[in-house]
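Number of protein chains: 2
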Amino acid sequence: MERTGRRGRTREPRQEHVAAGTASQLRRILPPIEPWPADRVAAVHEAALRLLEDAGIEFLSPAARSRWRAARATVDEASAVVRIPRELVMDALASAPSSYRLHGRNPARNLVIGENAVAFGLVSGPPTVEDRVHGRRPGNLADYRLLVRLAQSFSIVNYLGNQPVPPTELPAESRHLDACLANIQEGDKPWGCSAIGAERARDSVAMAAIARGLSLDEAMTAPGCSTVVNANSPRRFDGPMCDGLMAMAELAHPVVVTPFTLMGAMAPVSLTAALIQQHAEALAGLTLVQLTRKGAPMAYGAFTSNVDLKSGAPAFGTPENVKATLIAGQLARHVGLPYRASNASASVALDAQAAYESLFSLFAAVMGGANMVYHAVGWMEGGLVASFEKIVLDCELVQGIAEIAAGVEEEDVEAALAAILETPAGGHFFGTETTMARYQRAFYLPILSDWRNFQQWSAAGAPDAAARATRIWQERLAGFEPPPLDQAIAEALDEFVQRRKAEIAQGVLRPA
Amino acid sequence: MERTGRRGRTREPRQEHVAAGTASQLRRILPPIEPWPADRVAAVHEAALRLLEDAGIEFLSPAARSRWRAARATVDEASAVVRIPRELVMDALASAPSSYRLHGRNPARNLVIGENAVAFGLVSGPPTVEDRVHGRRPGNLADYRLLVRLAQSFSIVNYLGNQPVPPTELPAESRHLDACLANIQEGDKPWGCSAIGAERARDSVAMAAIARGLSLDEAMTAPGCSTVVNANSPRRFDGPMCDGLMAMAELAHPVVVTPFTLMGAMAPVSLTAALIQQHAEALAGLTLVQLTRKGAPMAYGAFTSNVDLKSGAPAFGTPENVKATLIAGQLARHVGLPYRASNASASVALDAQAAYESLFSLFAAVMGGANMVYHAVGWMEGGLVASFEKIVLDCELVQGIAEIAAGVEEEDVEAALAAILETPAGGHFFGTETTMARYQRAFYLPILSDWRNFQQWSAAGAPDAAARATRIWQERLAGFEPPPLDQAIAEALDEFVQRRKAEIAQGVLRPA
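Which chain is which? The protein sequence lines are C and B, in order.
Residues are numbered in the numbering used here as their position in the first sequence, beginning at 1, plus a constant of 257.
Residues are numbered in the numbering used here as their position in the second sequence, beginning at 1, plus a constant of 257.
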């Protein structure tokens, strides 16, 4: 390992791009792309504050409304609408940290969330899982574990999102325990947890602490899991999500507040309007985090795209999605918070469309200054499907864009001139001294790209990128070894899961 | 048509994205991405000047060497090496225009080459043509005409490169005449011509003038075709290319000097070294343009990528290719010239790899500040194949990135707030006033993307992006109508071609 001149990234030997290496978090050196001048960013921020004051946001959780009332917001219990004075928002932004750390059970996997650091996450949430060998099936624990293994095997994947697919064959009330256990047993990276209700959040935080041999108090200063809270756009937070948000904040674990604002469906057909709405919703949720616990870690999430106005179908990786993602980064930096974006695509097939939609959205996320890229690998069909092949494709895209965003190594000009003169005019550079010295790791080594010519490729059976992706995940899983887990910790986790399952079956609530 | 606030681009009604509309050249509003600080750009420029002075460049054309000698460069006739004093380079850069216009036979197709304008070109040069219905075959005039028609049908394609495929069944000495005639008959956009030898360049310039009803003198102030001159990297220009370069410059028609510098083959395994070499070679060719005719239009071309060091296979759309393309834009701006880059990919299949390699290189070209994007549509297999389906795929990529680079329309904040309040909290925006007013043209309408869900898509036969691309080019060609051509001009062109073919058959040279 070496740290190179202007690059902010610890560079691994190139061959580790294609093996399970140690974590290496991207530090983005290229400055973010900023489509809007500062005054338009400020104007949208101001408009969002007015929206919060004048029209307000619905909070369907009575506990959340109590908290707002205690903070002297204007709460209408009949409509559940909370009108939020701007001072509350400004205070919240002042008390929140501008960056934080998220910890893996292997400390080498710890992440900085914020600054110019970028963390890429495994897909979370699709109800269906798919690969090209076995087809489509509902989310289940066996596939859950395989998806985590595959993510674990790629060093470019920095964390697991919450539940790549739900284990739908297990009881809904307790499957989060099986999910957390799988995250810990199959991997050693930080992970996301469900915060639908306070109980799930508390269980997840507890398990992340046990996995690292920490007490809950100790974990509160060094969080091992993170959650995403979505607004029910437009302008509503549902009850369980509010309660999960508050439970996480109470435990000083990170909450990423992410409105999901598709223009034409959950937001107006207007980029400015959608961004005002997104910003207002995000600020409302984020303020509730700080009202719950001053200084709790949190991040600004954005997920603004558009629907096809002819069919109502959601669309991702569109120019509108790209612009919204770039500008949302400006809004996140305007309020001084870490920024979360996504890699999203609508394509049903693992084809050119899947690649270009994902690359457009990844480009926007990374060049928009995102610190967390949710669904960075594996998201298909607008989030309906987690795909094994898509994980492989996306790892290629993410590695490529990370390599670009990490900037350019500084090289000595005199040495460069000498390298040119190693070859006479009209000659070639195969086998020159510089070539021989550098050929092992000079260039990015792709995972999926096939650079054979037509004759060689045809003779090999003409495998397209989708077919090659199948072979790659099969090889990865065949060679997978779960990272070591201390025996005492493994037993403590099992004990916790058994106890909690029994309590849940008996309807026992955990103490807050 | 309307011109919108901060956008620099004349915006067409959205539906014209998918029909043959009038030309609308992208004006890039997003600032270029600049990976290097200014001092490194200046250091590479300085190193290139030293390379030109100390090691020099081979010019295999005796006429070119005469010109260098007359300008007081140091010429070694035995080795053909020309050592170029920096004053000659500086004088050339001072006399060259920073932008110029390239004219179509339809004035609505005229292009600005330079400033923040971007022009996208049809693939040029592959020996083989391919589509998914008829397979692969050598370049031929019938396919040549179909490729031009397809490019003509997409308004995002601003110009034709030189010969999308060579009409290999025709005599090599005169096929450039058939090619120019096809460009004019099947399209009305500006085009590129071959400058392999002076004769081809002069014939092409003459035909472009006839097509626009201009005398040669008149055309010299308003060029209707452009050429690319490649260096035979490293550090060599062959004889016919030099002669073509000088012929074009004499006629005040644009020359784009483009070293083709694959790291590991024609350039060292070092980004800095490859860029110094590229810069030196480009400056040498560009200086020869200005020595030939002070003030002649010209552009700085760059094509630095890498080979796979294990196999020697060329690679495109790699992180190295992206970085080189972004930095080459800085070098072009450093010397104050229009910048030409490319859309290149190595993929053999029209699959995810084709899409991501092309989108990476297009992203680098447009965000690197390129003014001309050669091979913007249709380039496959590292330039060995011109593909009908790839044209369709690339048009989608180019339109998408153009839509992003054109920036964001300014919208009224009060109207945006009102649009948010058209819907109650928790509601939806289908059918709101703003949605109904905007749904016709609010969002980018893709050509190729399929946003149907899995069930609808499966019921429709599960066509992947490649299959859809086939249907699209077939529909385009079935509906094609060549743009009108004045009868007298058509006859004059025929007469010119017949006369020149007879002269070439008899070995008659045209007067210089």
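Even glycine gets a Cβ: it sits at the ideal position worked out from N, Cα and C.
Note that the structure is a prediction, hence the values are computed from the model and not measured.
Counting other Cβ atoms within 10 Å of its Cβ, B/Lys551 stays below 16 and is therefore classed as exposed.
Between C/Ile658 and C/Phe687, the beta carbon gap of about 29 Å keeps them out of contact (Cβ cut-off 8 Å). Close to B/Leu508, with beta-carbon spacing below 7 Å, lies no residue of chain C; the smallest spacing is near 29 Å. At least one C-beta of chain C is nearer than 8 Å to the C-beta of B/Phe700. Rounded to whole angstroms, the gap between the alpha carbons of B/Leu678 and B/Met693 is 15 Å.
Around the beta carbon of B/Asp669, fewer than 16 other beta carbons sit within 10 angstroms, so the residue counts as exposed.
Every beta strand (DSSP E) of 3 residues or more that sits fully in the segment 390–449 of chain B is shown, in chain order, as 392–395. Closest option to C/Thr575, judged by alpha-carbon separation, among C/Gly481, C/Leu528, C/Ile533 and C/Arg597: C/Leu528.
Here the C-alpha atom of B/Ala570 lies approximately 26 Å from the C-alpha atom of B/Val655. Counting only runs that start and end inside the segment 641–677 of chain B, the alpha helix (DSSP H) elements of at least 4 residues fall at 645–662 and 670–677. Taking CB atoms only, C/Ala598 has no neighbour in chain B less than 8 Å away. Burial state of C/Asp296 is exposed, judged by a 10 Å Cβ sphere holding fewer than 16 other Cβ atoms. Taking the Cα positions, B/Ala749 is about 46 Å away from C/Gly684. Between C/Glu315 and chain B, the shortest Cβ-Cβ separation is below 8 Å. B/Trp708 carries a coil assignment under DSSP once its states are collapsed to helix, strand and coil. Closer than 8 Å to the CB of C/Gln442 there is not a single CB belonging to chain B. The beta carbon of B/Asp400 sits no closer than 8 Å to any beta carbon of chain C. Contact annotation for B/Gln534 against chain C: Ile677 [CB-CB distance below 8 Å, chain order]. Straight-line spacing of the CA atoms in C/Gly501 and C/Leu403 works out to 27 Å. Closest in alpha carbon position to B/Lys567, among C/Gln535, C/Asp707, C/Met637 and C/Leu734, is C/Asp707.
Under a 10 Å Cβ-count criterion, B/Pro384 is classified as exposed, with fewer than 16 other Cβ atoms of the shown protein chains found around its own Cβ.
Chain order gives the chain C residues near B/Val579 as Ile661, where near means a beta carbon separation below 7 Å. In the displayed model, B/Val369 falls within a strand according to three-state DSSP. The C-alpha of C/Val301 is placed about 30 Å away from the C-alpha of C/Leu359. In this structure C/Glu538 touches C/Pro516 by the C-beta definition: roughly 4 Å separates them, less than 8 Å. Within chain B, the residues whose beta carbon sits less than 8 Å from that of C/Met523 are His685 and Phe686, listed in sequence order. What C/Asn489 touches in chain B, judged by beta-carbon distance under 7 Å, is Gly683, going in chain order. Per DSSP, B/Glu344 is not a residue of any beta strand (DSSP E); the alpha helix (DSSP H) it occupies stretches across Arg343 to Ser352.
Per the C-alpha coordinates, the member of B/Ala320, B/Gln535, B/Ala611 and B/Ser412 positioned closest to B/Asn367 is B/Ser412. Distance from the CA of C/Met477 to the CA of C/Asn397, rounded to the nearest whole angstrom, comes to 31 Å.
When Cβ-Cβ separations below 8 Å define contact, C/Asp565 makes contact with chain B. Judged by DSSP secondary structure, B/Phe620 falls within the alpha helix (DSSP H) whose first and last residues are Ala609 to Met624. For C/Glu387, the beta-bridge partners assigned by DSSP are C/Arg393 and C/Ser644. Here the segment 301–315 of chain B makes contact with the segment 337–357 of chain B; the two share three or more CB pairs at distances below 8 Å. DSSP, read as helix, strand or coil, puts B/Arg340 in strand. The beta carbon of B/Trp730 does not come within 8 Å of any beta carbon belonging to chain C, so the residue lies off that interface.
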